[in-house]
Every structure is written in structure tokens, then in C-alpha cells.
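Everything on this sheet refers to the single structure shown next.
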Amino acid sequence: MKKIFLIIAILVGFMAFSQQNETIYIFKFNKNTDEILYRTENGIQTISGFRILVNKKKIFFSSSPNRSDKKLNLNIDRVELDNIIKNDNPNKQLIFYVFLEEKNMYYNVAYMFRTIYD
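Heads up, our numbering is the position in the sequence shown plus 20, with the first residue counted as 1.
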């Protein structure tokens, strides 16, 4: 009985520590180089995504209508964002926020489509 309990405890421990940590990246929207894409549903216009200029190419970040009002700190710039995208791995759980200074809002965005525009 002790051996079974020990085996179960070890397996549960491995499963608990094998979970990947989420990494959060927050960067600032630049209204001179970036674009906001809108969608209209039932007459209500919401932000559907952002085209962010990184390394002379625009990359699409999908945004959900949910946005975060909590205070976050900017922690990456465009050079670091470019390096993150170049070294992208689907197994990583990366979370991106775009800060819109004019609205003082942070939008949770997903870089899952990996669409690059020239």
C-alpha cells in the first residue's frame, strides 16, 4: 500500500511541476506606424485586432473584445518583440498586451495567426 501511495504521489508531483508558466509581454501601440482593425457586430464597433510594425513588416495580432483596465507595466520594446516573434515556439504560452495610450487601455491580444504583411 505504501508503494502505491508513493507512486501516486510522485506522479502527481511530476504533473504539478511540469505545467508551463505563462509569460506576459506588454508593449505600446504606436499610432504613427501601427493600425487598429475594427469589426462591427449588431451596430457596435469593436477592435478586432492590431497590425503592429516590427522589423519593417506589419504583423497581425488578434484581439478579443475583452480588454484589461488593470495597470500593467510596459516590459518590451519593438526590438525585443521582434526577437520574441523570430524565436516563436507554439509550445510556449505567451500572452501579449497592447497599450493604447490615447484610451489608457491595455488590450489582450493573441499572436496566433502569424500573418505578416509587407
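C-beta atoms are modelled at their ideal positions from N, C-alpha and C, and glycine is treated no differently.
Can you give the Cα-Cα distance for Lys-77 and Ile-115, rounded to whole angstroms? 21 Å
With H, G and I counted as helix, E and B as strand and the rest as coil, what does DSSP make of Asn-139? Only positions 21 to 138 of the chain appear in the structure, and residue 139 is not among them; the question remains open.
Count the other CB atoms within 10 Å of the CB of Gly-63; is the residue buried (16 or more) or exposed (fewer)? exposed
Extent of the continuous alpha helix (DSSP H) run through Ile-105: 98-106
Element boundaries [beta strand (DSSP E), containing Gln-65]: 64-74
Just to confirm before moving on: does the CB-CB distance between Ser-82 and Ala-130 stay below 8 Å? yes
Determine whether the beta carbon atoms of Phe-119 and Phe-70 lie at a separation below 8 Å. no
How long is the line joining the alpha carbons of Lys-22 and Ile-28, rounded to whole angstroms? 10 Å
Asp-102 to Tyr-45 span [Cα, whole Å]: 12 Å
DSSP state of Lys-144, grouped into three classes? The displayed coordinates of the chain run from 21 to 138. Any statement about residue 144 would go beyond what the structure contains.
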